[in-house]
Structure formats: C-alpha cells, structure tokens
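Under this note's numbering, think of the first position of the sequence shown as 51, with each following residue one higher. Glycine included, each C-beta is placed from N, C-alpha and C at the ideal position. Taking it in order: structure first as structure tokens, then the write-up.
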Amino acid sequence: MDFYRKLPKIELHAHLNGSLSNATLAELREHKYGKEVQLGTNDGFYKILNGETLSLEECFKKFHYAHDLTDRREALELATQRVIEDFARDNVIYLELRTTPKSTAHMPKREYLSTVLDVIRKSSELHPEIVVKLLPSIDRSKGIVEAEESVGLAIELDALYPGLMVGFDLSGNPFGTKFADFVPALQRARSHGFRMALHCGEFDDVQEVKEMFDFGMDRIGHGTFIEGENLEFAKKSRIPFECCPTSNVKCKTVPSYEEHHFYKLLKMKQPVCVCTDDFGVFETSLSQELEICAKTFNLSDDEMIELQQNTIEYTFANDQEKHKLRETLRKFKESR
Ligand code: 5GP
Numbered sequence: 051m052d053f054y055r056k057l058p059k060i061e062l063h064a065h066l067n068g069s070l071s072n073a074t075l076a077e078l079r080e081h082k083y084g085k086e087v088q089l090g091t092n093d094g095f096y097k098i099l100n101g102e103t104l105s106l107e108e109c110f111k112k113f114h115y116a117h118d119l120t121d122r123r124e125a126l127e128l129a130t131q132r133v134i135e136d137f138a139r140d141n142v143i144y145l146e147l148r149t150t151p152k153s154t155a156h157m158p159k160r161e162y163l164s165t166v167l168d169v170i171r172k173s174s175e176l177h178p179e180i181v182v183k184l185l186p187s188i189d190r191s192k193g194i195v196e197a198e199e200s201v202g203l204a205i206e207l208d209a210l211y212p213g214l215m216v217g218f219d220l221s222g223n224p225f226g227t228k229f230a231d232f233v234p235a236l237q238r239a240r241s242h243g244f245r246m247a248l249h250c251g252e253f254d255d256v257q258e259v260k261e262m263f264d265f266g267m268d269r270i271g272h273g274t275f276i277e278g279e280n281l282e283f284a285k286k287s288r289i290p291f292e293c294c295p296t297s298n299v300k301c302k303t304v305p306s307y308e309e310h311h312f313y314k315l316l317k318m319k320q321p322v323c324v325c326t327d328d329f330g331v332f333e334t335s336l337s338q339e340l341e342i343c344a345k346t347f348n349l350s351d352d353e354m355i356e357l358q359q360n361t362i363e364y365t366f367a368n369d370q371e372k373h374k375l376r377e378t379l380r381k382f383k384e385s386r
C-alpha cells in the first residue's frame, strides 16, 4: 500500500456527496443534530458512528444521509473541505470533483454552487499540494428544467470564479429518462467552453451510447456496457474511459474485479484512468483502487506510474497545470 499512497495521483471521477468519509458524516451529523444521537443499534448511522461494517444497502443510504447533512451553507463548506483534505491526504495532486447544484430547504441552488466554488478557491491556499477543479453535474432523474438551470448558473458563476469549473458531468439515475432531452442544456454548456464528462454505457443500451457518441464527449464515465461498434468508435476517437472498479463491483454492474473492463481497455491501448466514483459510499480510496488494479492484473509499479502520467493528458487542466503535474510525476519516478 505504501507505494500507492506515495504515488502522486490524478482523480477525475468523484462525486462530492458520495465522497464523504464515515468520519465526515459523523462530524456533519453532530453539527446538525447534536451529540445526543437517538439511534437503534440496527440503524446504518449507528454502525457508521461505531465503526461497524455496513451492508451494501446501508452503504447506498449514505447518499441520503449526505444530502440531508449538506443542506446548509456551513455544512456544505465543511463537507467540501473534508473531501479535499481526504484526497490530499491520499496524495491526490489533481482532483476534478463533481456535484449536482441543488436548492435545499436552507439554500438556493446558486448558493450551493457558490459555496462549493468558494471552498475550492480557498483550497489553493490551504492545500497548495492539490489542484481542485469542479464539474457541475446534471442529475438525469431531476429532469431538464433543473438541467437548464444548472447550466445557466454555471455560466453565470464562471465569470466570478474563472478557471475553476472546467466541464460538465451527466449522472444520476438514468432509468426513465432520455439522453436526447438533455442535449440542449449540454450543448449550451459546451458552447460556453465547458468540457463534457458524461456517464455513458452504465447500463446496456446500445442506442443511447450511439446517441451520446453522436453528440460527442471528452471522457466516458464508467462505459461498462460499451461494446461492438460503439467500442470501435470510442477506440477510433480515443475517448478516455473513467473506470471505477470497486463502485462497479459493489453495484454489481461488473461481476468481479478480474472481469472489470479496465484491463481490456488497457490492453487495447484505449485511454483509460482509474477513479473512486464515491469513496465514502464504497469505502475505498484512489490508492486502494490502484492497488486493486495492479494486483488483479499483475501490473508493475512502473506501469502504475505510467497510468498516472497518461491520466494527466485526460484532465481538463490547462497547459501550465498539466506541465506541473507532469513534472511532479517525473520527479517521483526519478526519485525511486
Ligand atoms: P452529489 O452530486 O450530490 O454531490 O453526489 C451524489 C450524486 O452523484 C448521486 O445522487 C447521483 O446523482 C450521482 N452519482 C454518484 N455515483 C453515481 C454513479 O455511479 N452513477 C450515476 N449515474 N450517478 C452517480
């Protein structure tokens, strides 16, 4: 594990509210509900507070806990800070964090987005060792009006926080929604200059993947079910895949680590990177995901360094930022 911890890492697929550690969830809970926690011993949160193992169902409940606990400005600030600190502690040197701007009972959508951006802006002073960018997310399950609103807000706030928002994410539960409905909002975001990191091929729908490729994207989120002609297209277009092994295995979209498409992509020389998705929900870290890949597919330390070096090229960072990241990886490689 020591090598993977020390390895300077690039994280390109991390959802803010899925990246709250158990310690952060406990801290936020105390902030909102106080120290005296009335819980039955079967309650998932009781288990979190007492360090017990959670079932998968209990893990998924963490999204609900997180959304409840980050519904006020101060809590969202703290949550964002903790996520950045946790990634920095894991020696992640570049992070593209994504989150769905939402209005809550205590905060309008604009405040949600500006709060996260404020923390990211401050983090460059508090944690100069990690560069953090934001990808606002469109949650498919929330519909197109919310999507249009989020794009409008991001365009407006981009003038106040230049260089911090580098792309858009399309995520959320896709069932019962049509990709085509989100095209106008995504097109507007793209015309403004935001890059596209879209969850694509998370479930088996050949036609939707084709429609998404017709629209075009800069990176593919998961891409679990991209095969045949669609895979050929991704290969020809050299679109990078963001692979999140533990998330996929725990969600059962991939049967096992051994059968994860990461290795197939790597062998066919497709641009591919390894990410956490929701390290709080799936109880992992980027170091752990990389170690799992190396051990499962028998990859050497040099190959893992190369994977991080290649990942720099798939970021939405600017040339100067990429240059710095390349230097950090080069020095790490030379120092071994
Ligand atoms: P948030 O956007 O609230 O900061 O992060 C949590 C949200 O990210 C979830 O409610 C969901 O919309 C999205 N999300 C997290 N993991 C996944 C995933 O694996 N697939 C999809 N489609 N969406 C996800």
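- Remark: the shortest separation between the CB of Glu252 and any heavy atom of the ligand 5GP falls under 7 Å.
- Annotated three-state conformation of Arg245 is strand, per DSSP.
- Closer than 7 Å to some heavy atom of the ligand 5GP: that does not describe the Cβ of Asp231.
- Boundaries around Phe291 are those of the beta strand (DSSP E), 291-293, since no alpha helix (DSSP H) includes it.
- Annotated as proximal: His65 and Thr149, with beta-carbon spacing under 8 Å.
- Residue pairing for Ala64: DSSP places it in a beta bridge opposite Leu147, Asp327.
- A distance criterion of 7 Å places the beta-carbon of Phe113 in contact range of the ligand 5GP, judged by its closest non-hydrogen atom.
- Check the Cα spacing between Asn100 and each of Cys325, Phe291, Glu309, Thr91: the tightest is with Thr91.
- Pairing Ala129 with Leu203 gives a Cβ-Cβ distance that is not under 8 Å.
- Remark: C-beta atoms of Ser306 and Arg55 do not approach each other more closely than 8 Å.
- Listed as beta-bridge partners of Arg269 by DSSP are Ala247.
- Exclusion of the five residues before and after Tyr115 leaves Leu75, Phe95 as the residues of its chain whose Cβ lies within less than 7 Å of its Cβ.
- Annotation for Asp140: Arg55, Lys59, Ser335, Leu336, Ser337 place their beta carbon closer than 8 Å to its own, counting only its chain and skipping 5 residues before and after.
- Per the coordinates, the alpha-carbon of Ser105 lies some 24 Å from the alpha-carbon of Phe225.
- From the listed residues Leu316, Leu315, Asn298, the smallest Cα separation to Asp327 is found for Asn298.
- According to DSSP, residue pairing for Asp189 in a beta bridge involves Ser221.
- Boundaries of the alpha helix (DSSP H) around Met354: 351-364.
- Out of Pro151, Asp352, Leu185, Met318, the CA that lies nearest to the CA of Phe218 is found in Leu185.
- Between Phe232 and Arg190, the C-beta gap is smaller than 8 Å, which places the two residues in contact.
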